[in-house]
Amino acid sequence: MSDQERADVSPSQAGTNMEQTARRREGETMASFVLWCLLIFTWGVPSECAEEGPSPHGATGNAKKPVLLNDTETTTAFISAAEVAVVGFFQEPEKPEVLEFHSLVGKIRDVPFGLSTSPEVLSHYNITINTISIFRRVDENRQDLEITDGKEMDATKFSRFIQINELRMVTEYNPVTAIGLFNSTVQIHLLLFTDKTSKEHTERMHKYQEAAELFRGKILFVLVDSNVKGNDRVMSFFKLKKSQLPALAIFHTPDEEQDVLPLGDVSVEHVQDFCNAFLQRKTKKEDPGLEEDAVKVEL
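So this is what it looks like as structure tokens:
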């Protein structure tokens with residue numbers, strides 16, 4: 002819209018446009034919500050997720066300690082080195098919250114933890130209150146859990162914060178990770194339905210993981226185990242049967258557009274071609290002029 006066109010828009014028209022935009026955004030949110038709520042309700046909450054406790058990964062053995070991060074360069078390198086990294090930013094090293102953070106970190110495995118009380122680092126990451134941040138490579142996202150000064154850290158809340166937000170390059174679906182998937186800014190989700198007990202599973206996952214790296218920030222890659230009770234209903238949502246597995250299902254949350262592809266073999270090429278075709282269709286629908294412009298250039 003040109004400056005003149007904007008000037009010609011009446012207040013009532015502007016209000017209507019704003020209302021339409023709000024409704025569209027609400028619709029986009031609801032579409033994503035419907036999909037992941039379907040998965041949550043059909044899957045059910047497993048007992049290990051329902052139980053309270055500070056150890057989402059069932060960690061045992063010797064407690065680990067967070068890596069001390071004294072400067073911005075070290076902190077940036079620490080975050081960049083992992084698919085998921087958690088950093089506790091604290092303004093004062095002697096506060097009880099720091100000791101509590103140490104205790105909680107020691108009960109969670111599979112996620113690297115860092116700790117910084119450096120004013121330089123806190124300023125770089127715009128920290129103004131004690132905060133635990135989780136950084137994800139898959140969508141270049143950061144989620145913050147602010148800690149109220151002087152208030153004891155809630156172990157259960159801390160545990161669920163990690164569980165919900167630790168999205169990977171390939172995230173295995175469960176009712177808890179579904180919340181993180183729903184909250185992600187990446188609007189296209191690719192689901193691989195496969196049998197985890199299959200002898201081909203390890204090789205399939207290797208290929209799927211490799212393909213996921215090619216679409217980082219564009220598509221969230223999700224694994225759905227076909228052997229899990231309730232996931233047959235999720236397959237039904239995409240009109241898939243077990244006899245068609247392994248299979249891919251891709252879903253665009255704003256408009257619920259989807260596509261499926263039963264696979265005889267999971268390969269990087271098959272996944273890449275399927276994703277690219279879907280992305281190209283979305284691009285053409287959003288900007289039909291692109292194809293026409295391309296023809297004109299060729300002529």
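Throughout the sequence shown, residue numbering follows my numbering, covering 2 to 300 in sequence.
Cβ atoms here follow ideal geometry from the backbone N, Cα and C, with glycine treated the same way.
Here the structure is a predicted model, which means the values were calculated and not measured.
Buried or exposed: residue i, going by 16 or more other Cβ atoms within 10 Å of its Cβ?
{"i": "lysine 108", "result": "buried"}
{"i": "threonine 129", "result": "exposed"}
{"i": "valine 179", "result": "In the sequence as presented, valine is not what sits at residue 179; that position holds alanine. Flag for alanine 179 reads buried."}
{"i": "arginine 282", "result": "exposed"}
{"i": "serine 160", "result": "buried"}
{"i": "asparagine 166", "result": "buried"}
{"i": "histidine 207", "result": "exposed"}
{"i": "threonine 284", "result": "exposed"}
{"i": "glutamate 204", "result": "exposed"}
{"i": "serine 81", "result": "exposed"}
{"i": "glutamate 98", "result": "buried"}
{"i": "serine 119", "result": "buried"}
Just checking my contact of residue i with residue j at CB under 8 Å: how many whole Å lie between their CB atoms?
{"i": "asparagine 142", "j": "serine 185", "result": "7 Å"}
{"i": "isoleucine 148", "j": "asparagine 127", "result": "16 Å between Cβ atoms; not a contact."}
{"i": "valine 272", "j": "alanine 212", "result": "4 Å"}
{"i": "proline 113", "j": "alanine 83", "result": "5 Å"}
{"i": "lysine 197", "j": "asparagine 228", "result": "6 Å"}
Could you name the residues of the same chain whose beta carbon sits closer than 6 Å to that of residue i, not counting the 5 residues immediately before and after it, in chain order?
{"i": "aspartate 150", "result": "none"}
{"i": "lysine 96", "result": "none"}
{"i": "phenylalanine 275", "result": "Leu249 and Leu262"}
{"i": "valine 88", "result": "Gly115 and Ser134"}
{"i": "aspartate 145", "result": "Thr132 and Ser134"}
{"i": "aspartate 226", "result": "Lys197"}
{"i": "phenylalanine 90", "result": "Ser117, Leu123, Ile128 and Thr132"}
Who are the near neighbours of residue i in its chain, counting only those whose CB is closer than 7 Å to its CB and skipping five residues on each side?
{"i": "proline 263", "result": "Gln245 and Ala248"}
{"i": "glutamate 287", "result": "none"}
{"i": "threonine 73", "result": "Glu121, Val122 and His125"}
{"i": "serine 268", "result": "Lys208"}
Kindly indicate the opening and closing residues of the alpha helix (DSSP H) around residue i.
{"i": "isoleucine 180", "result": "178 to 184"}
{"i": "glutamine 164", "result": "156 to 166"}
{"i": "aspartate 256", "result": "That residue, aspartate 256, is in no alpha helix (DSSP H); it is neither H nor E in DSSP."}
{"i": "serine 124", "result": "120 to 125"}
{"i": "isoleucine 80", "result": "73 to 81"}
{"i": "proline 97", "result": "97 to 106"}
{"i": "glutamate 287", "result": "269 to 287"}
From the DSSP output, read off the bridge partner residues of residue i.
{"i": "arginine 234", "result": "DSSP, once it has assigned bridges, lists no residue as partnering arginine 234."}
{"i": "glycine 115", "result": "Val68 and Val88"}
{"i": "phenylalanine 252", "result": "His190 and Gln259"}
Given the structure, does residue i come close to the ligand HEM, in the sense that its CB is under 7 Å from one of the ligand's heavy atoms?
{"i": "valine 267", "result": "No copy of the ligand HEM appears in this structure; indeed no ligand is present at all."}
How far does the beta strand (DSSP E) with residue i in it reach, from first residue to last?
{"i": "arginine 143", "result": "142 to 147"}
{"i": "glutamate 173", "result": "171 to 173"}
{"i": "valine 225", "result": "220 to 226"}
{"i": "threonine 198", "result": "Note, threonine 198: premise wrong, no beta strand (DSSP E); not H, not E."}
{"i": "serine 134", "result": "132 to 137"}
Kindly list the residues whose CB is nearer than 8 Å to the CB of residue i, restricted to its own chain and excluding five residues on each side of it in sequence; keep chain order.
{"i": "leucine 221", "result": "Val139, Asp140, Leu168, Thr172, Leu182, Ser185, Val187, Ile189, His190 and Leu191"}
{"i": "lysine 240", "result": "Val261"}
{"i": "lysine 243", "result": "Ser227, Asp233 and Met236"}
I'd like to know whether the C-beta of residue i is nearer than 8 Å to at least one C-beta of chain B.
{"i": "asparagine 142", "result": "Here there is only one protein chain, and chain B is not present."}
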